[in-house]
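Undergrad: What the first sequence shows, in my numbering, is residues 168 to 815, in sequence order. Yeah, the Cβ is synthetic: ideal placement off N, Cα and C, and Gly gets one too.
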Amino acid sequence: MVEPRVARVAVDMPLPHLDRPFDYAIPDDLAATAVPGCRVKVRFAGRQRDGYVLDVVTASDADRELSPLLKVVSAERVLHPEIAGVVRDVADHYAGTFADVVRLAVPPRHGMTETAEPPDYPPLRTPDRAAVVLCEYPRGAALLRALATEVAPRATLCLAPVARPLGNWIEAMVEAASATLTGGRGVLLLVPDAADLARLEARCAESFGRGSFVTLTAEKGPAARYRAFLAAARGQVRLVLGTRAAAFAPVLDLGLIALFDDGDDSWAEPRAPYPHARVVAALRATRQHCGLLYVGYARSVETQAMVDRDWLVPVELPSAARREACAVVRATDDGAPSSGRGPAAHSRLPHEVFTAIRAGLARGPVLVQVPRAGYLAGLACGRCRTVARCAACGHPLAGERGDRGAAPVCRVCGVRPEWRCAECGSTELRAPRVGVVRTAEELGRAFPQTPVVQSSGDHRVDRVGAEPALVLATPGVEPIAEGGYAAAVLLDAELLLARADLRAGEEALRRWLAAVALVRGASDDGSVVIAGPASARAIQALVRLDPVGFAVRELADRGEAGFPPMSRLISVEGSGQAVEDAVRILQAETGAVPLGPVPVADDEVRATVRAALASGRALVAAAKAVQVRRTAHKEDGLLRVRVDPAVL
DNA sequence: ATTCGGACGGCC
DNA sequence: GCCGTCCGAATT
């Protein structure tokens with residue numbers, strides 16, 4: 168009787184034309200340690216390389232003598248078969264290779280950590296505490312029941328943005344986790360950044376017990392990262408917390424992936440093949456039949472698309488209940504497109520902003536959200552302020568640096584269109600105004616008796632007390648206020664809106680809602696004032712606290728313009744010749760009409776190819792085939808392929 | 001006839 | 001990527 172003696176190995180070699188498993192003979196002395204998921208060394212193309220054993224089988228279909236495994240690095244199973252499947256799915260979705268994706272999924276080995284006695288992980292406490300957040304939402308209780316009974320529900324929770332339990336995203340995630348863990352399955356909780364992770368970690372320690380779960384993040388060094396990874400892979404913990412890189416964490420018997428704020432741009436992996444954690448989570452939910460929950464104050468256009476095809480269940484309050492629970496939001500135009508120049512025109516606070524701050528300070532801290540300048544400025548109609556879009560491809564136009572009347576240029580297809588506003592017919596374009604409030608000193612002068620707290624990227628403040636203070640923050644780093652802010656003012660809305668980016672409106676609304684979520688509800692006199700053009704769709708959505716309606720309309724716009732998530736879009740970037748060849752092949756094989764190429768930095772160009780969703784798989788497959796051809800024929804020049812990139 | 005080198009294609 | 005092989009041209 169012949170024992171299983173063949174190892175199917177994923178060799179660490181990111182060449183697209185060699186992106187498949189290779190078989191190796193397992194020598195007798197390695198038979199015990201060469202287990203599925205372990206790291207091995209093999210000889211490939213005459214060179215020693217790393218790899219992972221995907222499977223151990225009895226026979227190979229290779230028509231040649233198998234090379235032997237050279238070495239089993241260790242018998243530790245670091246790439247479980249189901250994670251290997253997810254890695255393959257992600258690689259296929261993004262026209263990438265298994266080797267590239269597995270590097271994102273499995274952290275580098277740390278030998279000392281692996282051989283050391285593992286720390287003691289006490290069992291999870293799953294307190295029998297009633298869920299107070301999710302049960303307030305329609306379908307929330309049903310969601311919790313499904314998570315507890317292995318039904319693997321998929322949902323997107325649009326939280327009411329308010330500093331009350333009803334709007335507490337941490338509580339919502341802990342409740343979903345608790346239900347799943349009580350039902351006996353493992354949980355993966357994902358957040359976009361380190362500050363959110365610290366807050367979630369503290370709350371989980373309180374609820375489930377310190378040390379009973381792990382936090383998987385690269386920030387604490389390779390040993391800590393690998394220790395946490397091993398605890399999950401060995402099944403020593405059933406709850407894993409983490410940021411982007413933890414989206415692949417090998418939680419055993421996974422019952423739930425919950426992901427907070429999927430619109431945050433940090434979910435996009437900067438390394439090839441540039442997967443987005445939202446997509447990784449969705450692919451895992453499909454393959455692993457686990458629950459999936461997106462949590463946020465905003466609704467991303469992507470998750471709305473999943474709702475529309477009945478793949479996700481929407482969970483949100485009816486709009487009347489939401490408005491009743493949250494702060495009252497008003498918009499005040501921060502000045503007409505003023506021709507006035509000089510300091511006075513720039514430093515004048517809109518009256519309503521001033522009064523809102525003054526009224527808020529009487530009752531507690533007031534948040535002032537001030538966006539940083541320096542985005543790539545987009546253009547708007549000079550008369551009606553509708554965002555100026557390229558007539559050829561629908562992408563927002565950017566203004567080339569210069570004085571007023573600067574030539575508009577499309578960064579996607581490269582045309583310099585004769586622009587005319589689709590709404591009002593005007594041909595007058597305008598760039599966004601510079602900020603109304605430039606400095607903290609300016610506001611400090613306006614409210615001289617009030618303490619001023621500043622939080623920004625380089626100097627982050629985590630929380631402030633309940634006493635009156637002016638809290639100035641850039642979007643994304645707002646401190647939490649004890650008991651909630653009495654008021655918030657959102658300045659320079661137009662600056663955020665007028666980026667030459669498809670997602671400008673969505674992104675602005677997401678950031679504003681995050682600020683509103685830190686403010687007390689209307690019944691506690693919480694109020695928010697946003698300074699910007701009240702006619703803008705995103706501002707209207709904020710005033711009505713209706714991110715879902717906004718996402719529905721944005722999605723419809725994307726559909727009309729042929730952009731993701733209603734189309735599949737591939738960007739091809741690299742040397743002119745490589746891009747030209749790639750685009751020609753993609754066009755020939757799929758019939759897709761390319762946009763561009765347009766020059767980008769360093770002598771490189773970028774072209775964009777779009778296809779209807781129905782033929783998206785074919786487009787992605789063709790893009791992979793282009794790379795296979797390139798590397799197999801050793802063509803020179805670089806070619807980066809991105810599927811549905813977050814920004815163009 | 002023999003050696004050298006560069007291009008090409010397979011890699012388990 | 002890297003190596004091995006195959007073929008043509010240069011060298012003896």
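Taking the straight line between their C-alpha atoms, what separation do you get for proline 642 and leucine 383?
TA: Here the question's residue 642 lines up with position 475 in the first sequence. Here the question's residue 383 lines up with position 216 in the first sequence. Distance between the alpha carbons of proline 642 and leucine 383: 26 Å.
Undergrad: Buried or exposed for arginine 508, please, with buried defined as at least 16 other CB atoms from any protein chain shown within 10 angstroms of its CB.
TA: Here residue 508 corresponds to residue number 341 of the first sequence, with the count starting at 1. Note that arginine 508 has pLDDT 39, beneath the 50 cutoff, so the model's placement of it is unreliable and no number is given.
Undergrad: Going by the beta-carbon positions, is the gap between glycine 549 and alanine 665 smaller than 8 Å?
TA: On the first sequence, position 382 is the one that residue 549 refers to. On the first sequence, position 498 is the one that residue 665 refers to. No.
Undergrad: Distance check for alanine 774 and proline 761, CA to CA, integer angstroms please.
TA: Position 594 of the first sequence holds residue 761. Position 607 of the first sequence holds residue 774. Rounded to the nearest angstrom, the two C-alpha atoms are 7 Å apart.
Undergrad: Between which residues of its own chain and valine 793 is the CB-CB distance below 7 Å, once the five residues before and five after are set aside?
TA: To locate residue 793, count along the first sequence from 1; it is residue 626. These residues qualify, in order along the chain: Ala749, Ile752, Leu753.
Undergrad: Of the choices Ser374, Leu364, Pro437, Arg352, whose alpha-carbon is the least far from that of alanine 399?
TA: To locate residue 399, count along the first sequence from 1; it is residue 232. Closest option to alanine 399, Cα to Cα, is Arg352.
Undergrad: Take aspartate 429 as the anchor and find which of Asp420, Pro440, Arg411 has the nearest alpha-carbon.
TA: Here the question's residue 429 lines up with position 262 in the first sequence. Looking at the Cα atoms, Arg411 is the closest of the given residues.
Undergrad: Is it true that the segment 448-455 meets the segment 378-392, where meeting means three or more beta-carbon pairs spaced less than 8 Å apart?
TA: These segments do not touch.
Undergrad: Going by alpha carbons, who is nearest to arginine 276 out of Glu284, Glu243, Val299, Pro294?
TA: Start at 1 with the first residue of the first sequence, and residue 276 comes out as number 109. That would be Glu243, whose Cα lies nearest to the Cα of arginine 276.
Undergrad: Three-state secondary structure (DSSP) at glutamate 740?
TA: Translated into the one-based positions of the first sequence, residue 740 becomes position 573. Strand.
Undergrad: May I have the straight-line CA-CA distance separating cysteine 234 from aspartate 217, to the nearest angstrom?
TA: For the purposes of this step, residue 234 is taken as the residue at position 67 of the first sequence. For the purposes of this step, residue 217 is taken as the residue at position 50 of the first sequence. Note that residue 234 is serine in the sequence shown here, rather than cysteine. Each residue's alpha carbon lies about 14 Å from the other.
Undergrad: Run the CB neighbour count on leucine 805, radius 10 Å, all protein chains shown included, and call it buried at 16 or more, exposed below.
TA: Reading the first sequence from its first residue, position 638 is the one you call residue 805. Leucine 805 comes out exposed.
Undergrad: By the DSSP assignment, the alpha helix (DSSP H) with proline 152 in it spans what residues?
TA: The chain is shown only over 168 to 815; residue 152 falls outside these bounds and no answer can be derived.
Undergrad: Does at least one heavy atom of the ligand ADP sit under 7 Å from the Cβ of proline 563?
TA: The model depicted lacks the ligand ADP and carries no ligand whatsoever.
Undergrad: Kindly indicate which residue of Ala633, Ala313, Gln471, Val209 has the alpha-carbon position closest to the one of proline 732.
TA: By 1-based counting over the first sequence, the position of residue 732 is 565. Among Ala633, Ala313, Gln471, Val209, the Cα nearest to that of proline 732 belongs to Gln471.
Undergrad: Pick helix, strand or coil for lysine 791, following the three-state DSSP scheme.
TA: On the first sequence, residue 791 is found 624 positions in, with the first residue counted as 1. DSSP places lysine 791 in helix when its eight states are reduced to three.
Undergrad: Identify the continuous beta strand (DSSP E) that holds tyrosine 191 and give its terminal residues.
TA: Numbered from its first residue, the first sequence carries residue 191 at position 24. Start and end: 189-192.
Undergrad: Check whether the Cβ atoms of proline 646 and aspartate 629 lie closer than 8 Å to each other.
TA: As a first step, residue 646 must be located in the first sequence, where it is residue number 479. As a first step, residue 629 must be located in the first sequence, where it is residue number 462. Yes; because the gap between Cβ atoms is below 8 Å, this pair is in contact.
Undergrad: Taking the straight line between their C-alpha atoms, what separation do you get for proline 290 and alanine 559?
TA: Numbered from its first residue, the first sequence carries residue 290 at position 123. Numbered from its first residue, the first sequence carries residue 559 at position 392. Roughly 59 Å separates the two Cα atoms.
Undergrad: Going straight from the alpha carbon of alanine 565 to that of arginine 556, what length do you get?
TA: Here residue 565 is taken as the residue at index 398 of the first sequence, counted from 1. Here residue 556 is taken as the residue at index 389 of the first sequence, counted from 1. Cα-Cα distance, rounded: 9 Å.
Undergrad: In chain order, which continuous runs of the alpha helix (DSSP H) of length 4 or greater are located wholly inside the segment 241-316?
TA: Here the runs fully enclosed are 248-260, 265-272, 278-282, 307-315.
Undergrad: Within 10 angstroms of its Cβ, does arginine 821 collect 16 or more other Cβ (buried), or is it exposed?
TA: In this structure the chain extends from 168 to 815, so residue 821 is not present and cannot be described.
Undergrad: Which of the three DSSP states, helix, strand or coil, is assigned to cysteine 457?
TA: Taking the first sequence and counting its residues from 1, one reaches residue 457 at position 290. In this structure, cysteine 457 counts as coil in the three-state DSSP scheme.
Undergrad: Closest by CA to cysteine 325, which one among Pro440, Val474, His184?
TA: Numbered from its first residue, the first sequence carries residue 325 at position 158. Minimum Cα distance to cysteine 325 is reached at Val474.
Undergrad: Quick check on DSSP: helix, strand or coil for proline 764?
TA: For this step, residue 764 is matched to residue 597 along the first sequence. Three-state DSSP puts proline 764 in a strand.
Undergrad: Just to confirm, is the Cβ distance from valine 173 to threonine 225 under 8 Å?
TA: By 1-based counting over the first sequence, the position of residue 173 is 6. By 1-based counting over the first sequence, the position of residue 225 is 58. Yes, these two residues count as a Cβ contact at 8 Å.
Undergrad: By how many angstroms is the C-alpha of alanine 667 removed from the C-alpha of glycine 569?
TA: Counting from one through the first sequence, the residue named residue 569 turns up at place 402. Counting from one through the first sequence, the residue named residue 667 turns up at place 500. Reliability of the predicted coordinates at glycine 569 is poor, the pLDDT of 47 falling under 50, and no value is obtained from them.
Undergrad: Using beta-carbon positions only, say whether valine 117 and alanine 201 come within less than 8 Å of one another.
TA: No statement about residue 117 is possible, as the shown extent of the chain runs from 168 to 815 and does not include it.
Undergrad: Quick check: the Cα distance between cysteine 577 and histidine 562, rounded to an integer number of angstroms?
TA: Mapped onto the first sequence, residue 577 falls at position 410. Mapped onto the first sequence, residue 562 falls at position 395. Distance between the alpha carbons of cysteine 577 and histidine 562 is about 7 Å.
Undergrad: Quick check on the burial criterion: 16 or more other C-beta atoms within 10 angstroms. Buried or exposed for serine 345?
TA: Taking the first residue of the first sequence as position 1, residue 345 is located at position 178. Classification of serine 345: buried, given that the 10 Å Cβ count is 16 or more.
Undergrad: Can you give me the start and stop residues for the beta strand (DSSP E) that aspartate 217 sits inside?
TA: By 1-based counting over the first sequence, the position of residue 217 is 50. Its beta strand (DSSP E) spans residues 214-224.
Undergrad: May I ask you to list the residues that DSSP assigns as paired with tyrosine 652?
TA: Here residue 652 is taken as the residue at index 485 of the first sequence, counted from 1. The partner list for tyrosine 652 (beta bridge, DSSP) reads Val686.
Undergrad: With distances taken from CA atoms, which of Ala813, Ile524, Pro203 is nearest glycine 693?
TA: Taking the first residue of the first sequence as 1, we reach residue 693 at position 526. Nearest option by C-alpha distance: Ile524.
Undergrad: On the three-state DSSP scale, how would you describe histidine 443?
TA: Here residue 443 corresponds to residue number 276 of the first sequence, with the count starting at 1. Three-state DSSP puts histidine 443 in a strand.
Undergrad: With serine 622 as the anchor, note down where its beta strand (DSSP E) starts and where it stops.
TA: On the first sequence, residue 622 is found 455 positions in, with the first residue counted as 1. Per DSSP, serine 622 belongs to the beta strand (DSSP E) from 619-622.
Undergrad: Measuring only the C-alpha atoms, how far is serine 505 from leucine 484?
TA: The count along the first sequence starts at 1 and reaches residue 505 at position 338. The count along the first sequence starts at 1 and reaches residue 484 at position 317. The predicted model places serine 505 with a pLDDT of 40, which falls under 50 and marks its position as unreliable, so this point remains unresolved.
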